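Its first residue numbered 0, the sequence shown is counted upward by one per residue in numbering that gives the first Met the number 0. C-beta: ideal position from N, C-alpha, C; glycine also. Since we're looking at a predicted model, the values are computed, not measured.
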Amino acid sequence: MITNKYRKLLGILCFIIAGLLFFNLIIGLLTNGNLAEYFYSKGSFSKTEFLLKNKYILEDKLCKIGKCKENKVKPALQDLVNFYYSQRDYDSIITLYKKHIENNEINLLPTRIKSHDSKRLKFIAYTELAYFYLANKQYNETKKSLDKVFNLIQKYPDFKELEFLPYSILANYYININKLDDAIKATGKTAFKYKNVEQKYIEYINLAKIYYKKNMPKMAEYYIQLAYFNLPDFLYLTPFNALLETNNIYGKILEKDGKLDAARVRFHSSKLLSEYINFQYDFRNICSIYFLSQIDEKLKNEIFQQEYEELSELTKTLTIFKNRNQKERYERLKTLCSFSEYGL
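Next up, the structure:
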């Protein structure tokens with residue numbers, strides 16, 4: 000009797016485990032069939048997250064039993080990180096990065112630069128982690144991650160070719176904590192050293208942000224114009240994103256200089272571009288509408304209310320706005336839209 004009882008329990012347990020594995024397999028297959036992408040396009044972000052998380056869990060289990068290829072980024076992990084980034088859910092990205100760094104699985108992270116050198120990968124992973132901490136307003140953690148990166152540069156001098164990335168993040172760190180002279184010094188550390196178009200663009204953008212915060216709109220406008228000059232060649236790296244971001248920063252500079260109508264034109268052009276390329280749920284588009292609504296409120300345009308309601312519709316399904324009412328979501332945008340994208 001006891002033997003049969005344990006056999007039954009074992010059978011039930013095996014059935015449950017098999018069922019869970021089968022369920023995860025089905026989820027993984029469905030996700031590969033672009034179902035997650037379909038739900039994302041419809042603004043069903045909870046369903047998108049559910050599918051991508053289950054695909055990631057399945058992939059993680061396969062890796063643990065040796066079915067994960069060495070030196071290959073996990074596709075599900077990359078999809079999940081990209082999803083969380085689109086939602087500006089930096090907490091979840093940081094959790095994933097920390098988990099794989101602690102498990103010595105840095106080679107599987109979707110880092111911007113790929114390498115077979117484990118030390119170089121660690122350098123890149125900590126650089127990107129600093130970026131996400133900065134975006135999440137965790138300034139102490141940002142500095143700790145950057146300190147690890149600069150220690151690696153001291154230890155391995157050949158990493159200096161990559162120092163542009165952490166110095167750009169350091170500049171933005173100083174901008175955020177209002178140490179603007181230190182931000183200028185950090186920006187100057189690698190300015191145009193490698194004559195890379197992307198690097199020139201980011202240097203100019205950083206300087207525009209610094210002088211904007213220094214209440215020197217003329218100088219800020221000078222550097223934003225230089226950023227636009229380098230923009231056409233930069234677009235092939237990040238299609239449209241750089242243009243949307245540059246328009247938004249320029250619009251804020253014009254607003255500070257009291258040129259509200261000109262600022263409105265910049266924000267409105269980003270909104271139209273986003274509609275043209277179907278960037279409806281992209282955060283740069285959401286921020287463009289947010290800035291536009293602020294201008295229209297100042298100008299006492301009736302369209303402000305329509306933009307306010309449009310923002311409510313766009314944000315209410317985003318995962319970071321769960322359980323927040325319309326007013327709370329609008330207030331939260333003020334913080335989220337204050338962080339500029341181009342640290343990386």
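- request: Quick one: grab the DSSP three-state call for P346.
  value: The requested residue 346 does not occur in the structure, where the chain is confined to residues 0 to 343.
query: Does the distance from the C-beta atom of F131 to that of L151 stay below 7 Å?
result: no
Near the ligand HEM: S292 beta-carbon under 6 Å from a heavy atom: Here there are no bound small molecules, and the ligand HEM is not part of this structure.
task: Just tell me which of Y84, K147 and K60 has its CA closest to the CA of K73.
output: K60
message: For G344, count the other beta carbons within 10 Å of its own beta carbon; 16 or more makes it buried, fewer makes it exposed. Which is it?
response: Lying before the first or after the last residue shown, residue 344 is absent from the chain, which here runs from 0 to 343.
Delimiting residues of the alpha helix (DSSP H) encompassing G187: L179 to G187
task: Answer yes or no: does any C-beta atom of chain B fall closer than 7 Å to that of D90?
output: No chain B is part of this structure, which consists of one protein chain only.
task: Compute the Euclidean distance between the alpha carbons of I248 and C62, then round it to the nearest angstrom.
output: 43 Å
- prompt: Near F320, what residues of its chain come up, given a Cβ to Cβ distance below 6 Å and the 5 sequence neighbours on each side ignored?
  reply: T314 and R328
- prompt: Do you know how far the Cα of Y173 is from the Cα of K212?
  reply: 11 Å
message: Excluding the 5 residues flanking D88 on each side, which residues of the same chain have their C-beta closer than 6 Å to its C-beta?
response: T318 and I319
message: Cutting at 7 Å between CB atoms, please list the residues of its own chain near G361, excluding the five before and the five after it.
response: Lying before the first or after the last residue shown, residue 361 is absent from the chain, which here runs from 0 to 343.
task: Using beta-carbon positions only, say whether L120 and N139 come within less than 7 Å of one another.
output: no
- request: Give me the Cα-Cα distance between E36 and L79, rounded to the nearest whole angstrom.
  value: 12 Å
task: Could you name the residues of the same chain whose beta carbon sits closer than 7 Å to that of L206, not counting the 5 residues immediately before and after it, in chain order?
output: T186 and Y222
- request: Let me know if K97 comes out buried or exposed under the rule of 16 or more other beta-carbons within 10 Å of its beta-carbon.
  value: exposed
message: Could you tell me the alpha carbon to alpha carbon distance between L343 and I209, rounded to whole angstroms?
response: Confidence in L343 is poor, its pLDDT being 45 and thus under 50, which makes the residue's placement unreliable; the coordinate value appears in the next sentence. Between L343 and I209, the C-alpha separation is close to 17 Å.
query: With a CB to CB cut of under 8 Å and the five nearest residues on each side skipped, what residues in its chain are close to T245?
result: I204, I223, A226, Y227 and L230
query: Closest to R265 by CA distance: which of Y275, I252 and I276 is it?
result: I252
- request: Whole angstroms is fine: what's the gap from I285's alpha carbon to F149's?
  value: 35 Å
query: CB-CB under 6 Å to S273, same chain, minus the five flanking residues each way: which ones, in chain order?
result: N284
query: So A129 and I168 are in contact, right, with Cβ under 8 Å, and what is the actual spacing, rounded?
result: 5 Å
- prompt: Can you list, in chain order, the stretches of the alpha helix (DSSP H) that have 4 or more residues and sit fully within the segment 189-232?
  reply: 196-212
field: Within 7 Å, strictly: CB atoms of L332 and Y289
entry: yes
task: Please look up how many angstroms separate the CB atoms of Y307 and S292, rounded, as I've assumed it's under 8 Å.
output: 6 Å
- request: Would you check if the distance between the CB atom of D295 and the CB atom of F303 is smaller than 7 Å?
  value: yes
- prompt: Under three-state DSSP, which class holds N33?
  reply: coil
query: DSSP state of G250, grouped into three classes?
result: helix
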